[in-house]
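K.L.:
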Amino acid sequence: MKYLEAIGKYFIMIWEVFKKPTKWPIMRSLILKEIDELIFGAMGIIIFISFFIGGVVTIQTALNLNSPFLPKSLIGFATRQSVILEFAPTFTSIIMAGKVGSYITSSIGTMRVTEQIDALEVMGVNSLNYLVFPKIIATMMYPFAVAVSMFVGILGGWVAAVFGGYAPSGEFIKGLQMDFDAFHVTYAFIKSVVFAFVIATVPSFHGFYMKGGALEVGKASTTSFVWTSVVIIILNYVLTQMLLG
Numbered sequence: 359m360k361y362l363e364a365i366g367k368y369f370i371m372i373w374e375v376f377k378k379p380t381k382w383p384i385m386r387s388l389i390l391k392e393i394d395e396l397i398f399g400a401m402g403i404i405i406f407i408s409f410f411i412g413g414v415v416t417i418q419t420a421l422n423l424n425s426p427f428l429p430k431s432l433i434g435f436a437t438r439q440s441v442i443l444e445f446a447p448t449f450t451s452i453i454m455a456g457k458v459g460s461y462i463t464s465s466i467g468t469m470r471v472t473e474q475i476d477a478l479e480v481m482g483v484n485s486l487n488y489l490v491f492p493k494i495i496a497t498m499m500y501p502f503a504v505a506v507s508m509f510v511g512i513l514g515g516w517v518a519a520v521f522g523g524y525a526p527s528g529e530f531i532k533g534l535q536m537d538f539d540a541f542h543v544t545y546a547f548i549k550s551v552v553f554a555f556v557i558a559t560v561p562s563f564h565g566f567y568m569k570g571g572a573l574e575v576g577k578a579s580t581t582s583f584v585w586t587s588v589v590i591i592i593l594n595y596v597l598t599q600m601l602l603g
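Count along the sequence shown from 1, then add 358; that gives the number in the working numbering.
#1: If the criterion is Cβ atoms closer than 9 Å, does the pair ALA525 and SER431 meet it?
#2: Please confirm if the region 528-536 is in contact with the region 544-553, defined as three or more CB-CB distances below 8 Å between the two stretches.
#3: In the DSSP assignment, find the unbroken alpha helix (DSSP H) run with TYR567 in it and report its ends.
#4: Give a yes or no on whether the C-beta atoms belonging to GLY511 and VAL575 are separated by under 9 Å.
#5: Measure the CB-CB distance between MET454 and ILE411 and report whether it falls below 9 Å.
#6: Is PHE343 helix, strand or coil when you go by DSSP?
#7: Cutting at 7 Å between CB atoms, please list the residues of its own chain near GLY456, excluding the five before and the five after it.
#8: Give the single residue among PHE553, GLN599, ASN594, PHE502 whose Cα lies nearest to the Cα of MET401.
#9: State the start and end residues of the unbroken alpha helix (DSSP H) segment that holds ASP539.
#10: ILE452 and ILE590 look like a contact to me (Cβ under 8 Å); what is the Cβ gap, rounded to whole Å?
#11: Verify whether the separation of the beta carbon atoms of GLY310 and PHE449 is less than 9 Å.
#12: Assign TYR488 to buried or exposed, taking buried as 16 or more other Cβ atoms, counted over all protein chains shown, within 10 Å of its Cβ.
#13: Flag this pair as yes or no: are the beta carbons of ALA518 and ILE372 separated by less than 9 Å?
#14: Cα separation between SER507 and ILE389?
#15: Taking C-alpha atoms, which residue in GLU473, VAL441, ARG386, VAL520 lies nearest to HIS542?
#16: Just tell me which of PHE445, THR497, GLU473 has its CA closest to the CA of GLY565.
#17: Under a Cβ-count criterion, where at least 16 other Cβ atoms within 10 Å of its own Cβ denotes burial, should GLN618 be classed as buried or exposed?
#18: Can you find the residues in the same chain that come closer than 7 Å, C-beta to C-beta, to ASN594, ignoring five residues on each side of it along the sequence?
#19: Using only alpha-carbon positions, find the residue among LEU601, ILE494, PHE509 that is nearest to PHE563.
#20: Just how far apart, CA to CA, sit PHE445 and THR581?
#21: Taking 8 Å as the cut-off, is the beta-carbon of ALA446 closer than that to any non-hydrogen atom of the ligand SAM?
#22: In or out: VAL480 buried (at least 16 other Cβ within 10 Å) or exposed?
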């Protein structure tokens, strides 16, 4: 019953977010601030991890395709499929859940502890719209981060293949072009938009409704990361079954 209550409370929160919007001049500055902190602030770690993940996928694929009868182009093909279908949208989302989600929970939770949210409500401001809506809009730019992750991941795979001596550049690129299906990129972007909404709202829920002091802010951040990751993994399965099954 506790979990059902939390799920119901979450959907009520989503409904409240879109009621009584904040004035546009104020909302615009809030959205731009959130885009800078949530998206561009996370690009460094996304690029760093994507590059090496692409390299690791290439090396592991090459080591398992040691038969002389298998063309080297399969290394590029496997790297492309792994990065576009799974690593870029899903693995990056788990990273974002840890970095961005924890930040969202701690920032809103601190405002709850210091009674800043109560002050907003006393002034007649829809605190959920003021705090959560800019984060939802900002994270809708998350597919841009996923696109960068795809490019950097494949680039990392190419570097590992060529400079590691696992495949010639021409063979690797040939594998990247082999049987390419543009819908796979669309599928990745659809997943990233859904995951972005989860990353913006689930941590906000845990921060907004937390109770206690500074210690509970840390606990809420940990809990929000766990549940955001769980929801992402479940939705990943559901969306894969719906779109590719």
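Glycine included, C-beta positions come from ideal geometry on N, C-alpha and C.
P.N.:
For this structure:
#1: Contact flag set, yes.
#2: no
#3: Unbroken run through TYR567: none, as it is neither H nor E.
#4: Not closer than 9 Å, so no.
#5: no
#6: Residue numbering for the chain in the displayed model covers 359 to 603; residue 343 lies beyond these limits and cannot be assessed.
#7: PHE583
#8: PHE502
#9: Careful: ASP539 lies outside any alpha helix (DSSP H) and carries neither H nor E.
#10: 7 Å
#11: Since the first and last residues shown for the chain are 359 and 603, residue 310 lies out of range.
#12: buried
#13: no
#14: 23 Å
#15: By alpha-carbon distance to HIS542, the top candidate from GLU473, VAL441, ARG386, VAL520 is VAL441.
#16: Nearest C-alpha to GLY565: GLU473.
#17: The chain is shown only over 359 to 603; residue 618 falls outside these bounds and no answer can be derived.
#18: Leaving aside the five residues that flank ASN594 on each side, the residues in its chain whose CB is nearer than 7 Å to its CB run, in chain order, THR448, LYS549.
#19: ILE494
#20: 24 Å
#21: Questions concerning the ligand SAM fall outside what the structure shown contains, since it holds no ligand whatsoever.
#22: exposed
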